[in-house]
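*Asks:* Numbering (mature numbering (1 follows the signal peptide of the UniProt record, and there is no 0)) for the sequence shown: -36 to -1, 1 to 214. Sharing a structure, written as structure tokens. Questions coming.
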Amino acid sequence: MLAFKSDLRIAMRAWRAACGVLAAAAGMLAMSQAVAQGEAALRPDTMAARVAACTACHGEQGRAGPDGYYPRLAGKPQDYLYHQLLNFRDARRQYPPMAHLLNGLPDAYLREMAAYFAGQDVPYPPPARVEASAALVERGRLLVREGDPARAIPSCASCHGASLAGVAPAIPGLLGLPRDYLVAQIGSWQNGLRRAAEPDCMAQVSLKLTPEDIGAVSAWLAGQPVGHPYTPQPAGSLTLPLECGSQAGH
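Now the structure itself:
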């Protein structure tokens, strides 16, 4: 009998201890939830916070990623950014991580994202050193500035502006982009992995470029310093040498 009472007392003490632990745990959980809710309340719901998944690759404020591939978004023409977001979402431009991120996002939200990055005005870093011969770089300069009339290749400047800063609202600038990115994008135009509305003028031009042309153009562009401000020309300030479907209505 004494043994039974002793066991009962031990069991009761254990029960009270367990209840105390559970109560303490419940209190700690409630406190942690309150802290988490408080922290969430302190974080403003801004577009800068919402595009954190973008800036993880494209750099703070969209100023460009560190790995030589992800391009700068900051300061690009708003309509250009918007149409690229549409193209990724709707599979006209092929890159699975971007398609996954944008899947299901409505047009209006993509416009907000484009407006945010277009409004970022941050200086460009100095250009990276380009490993290329002087002859190749000069070939690139000629193609960018003058084109190749004998092969019906217009100059890059004839569409992207004399300063190569682009033209509002939808033609992008070409400076401040990594060489690897430039090569990859021209290759994507050639292979149909990147498309625009018909007539697709970039696809037409890219198909006339040889691998040597692409290497030359990308080397010259990637090696150019970018001044500040670096802003697109006003809309309507340039007559394009080709009809481009992506400019329809602009």
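Using N, Cα and C, we set each Cβ at its ideal position, and we do this for glycine too.
So C208 and C165 are in contact, right, with Cβ under 8 Å, and what is the actual spacing, rounded?
*Replies:* 4 Å
*Asks:* Per DSSP, what kind of secondary structure is Y73 in: helix, strand or coil?
*Replies:* helix
*Asks:* Could you check how far apart the C-beta atoms of R57 and R143 are, in whole angstroms? I think they sit under 8 Å.
*Replies:* That belief does not hold up - the Cβ atoms of R57 and R143 are roughly 20 Å apart, past 8 Å.
*Asks:* Just tell me which of A148, V181, P90, Y194 has its CA closest to the CA of A132.
*Replies:* Minimum Cα distance to A132 is reached at Y194.
*Asks:* Using the C-alpha atoms, what's the distance from P87 back to R75?
*Replies:* The alpha-carbon atoms of R75 and P87 are separated by roughly 24 Å.
*Asks:* Rounded to the nearest angstrom, how far is the Cβ of G23 from that of A82, given a contact under 8 Å?
*Replies:* No, G23 and A82 are not in contact; Cβ-Cβ is about 15 Å, not under 8 Å.
*Asks:* Beta-carbon separation of A186 and A92 under 8 Å?
*Replies:* yes
*Asks:* On the CB-based measure, 16 or more other CB atoms within 10 Å of its CB, does G191 come out buried or exposed?
*Replies:* Result: exposed.
*Asks:* Given this structure, state the Cα-to-Cα distance separating G151 from A160, to the nearest angstrom.
*Replies:* 14 Å
*Asks:* So R14 and G140 are in contact, right, with Cβ under 8 Å, and what is the actual spacing, rounded?
*Replies:* About 25 Å; that fails the 8 Å criterion.
*Asks:* Quick one: grab the DSSP three-state call for R56.
*Replies:* In the structure shown, R56 sits in coil (DSSP, three-state: anything other than H, G, I, E or B).
*Asks:* Grab the span of the alpha helix (DSSP H) containing L175 for me, first residue to last.
*Replies:* Reading the sequence as shown, one finds Pro at residue 175 and not Leu. Counted as a single uninterrupted DSSP element, the alpha helix (DSSP H) harbouring P175 occupies residues 175 to 186.
*Asks:* Alpha carbon to alpha carbon, how far is S97 from Y46?
*Replies:* 37 Å
*Asks:* DSSP state of V108, grouped into three classes?
*Replies:* helix
*Asks:* In this structure, how does DSSP classify V147 when only helix, strand and coil are distinguished?
*Replies:* helix
*Asks:* Check the DSSP bridge columns for R93 and list the partner residues they point to.
*Replies:* The beta-bridge partner set that DSSP reports for R93 is empty.
*Asks:* Please identify the residue among N155, D177, G156, A199 whose C-alpha is closest to the C-alpha of R115.
*Replies:* Proximity to R115 across N155, D177, G156, A199 peaks at D177, based on C-alpha coordinates.
*Asks:* Quick check on this structure: which residue in V181, A129, D54 has the alpha carbon closest to the alpha carbon of H64?
*Replies:* D54
*Asks:* Name, in chain order, the residues that DSSP records as bridge partners for Q168.
*Replies:* Beta-bridge pairing links Q168 to no other residue.
*Asks:* Would you tell me roughly how many angstroms separate the C-alpha atoms of P205 and K172, rounded to the nearest one?
*Replies:* Each residue's alpha carbon lies about 15 Å from the other.
*Asks:* Let's test the definition: count the other Cβ atoms within 10 Å of the Cβ of M77 and tell me whether it reaches 16, buried, or not, exposed.
*Replies:* buried
*Asks:* For Y33, does the count of other Cβ atoms within 10 angstroms reach 16, so buried, or fall short, so exposed?
*Replies:* exposed
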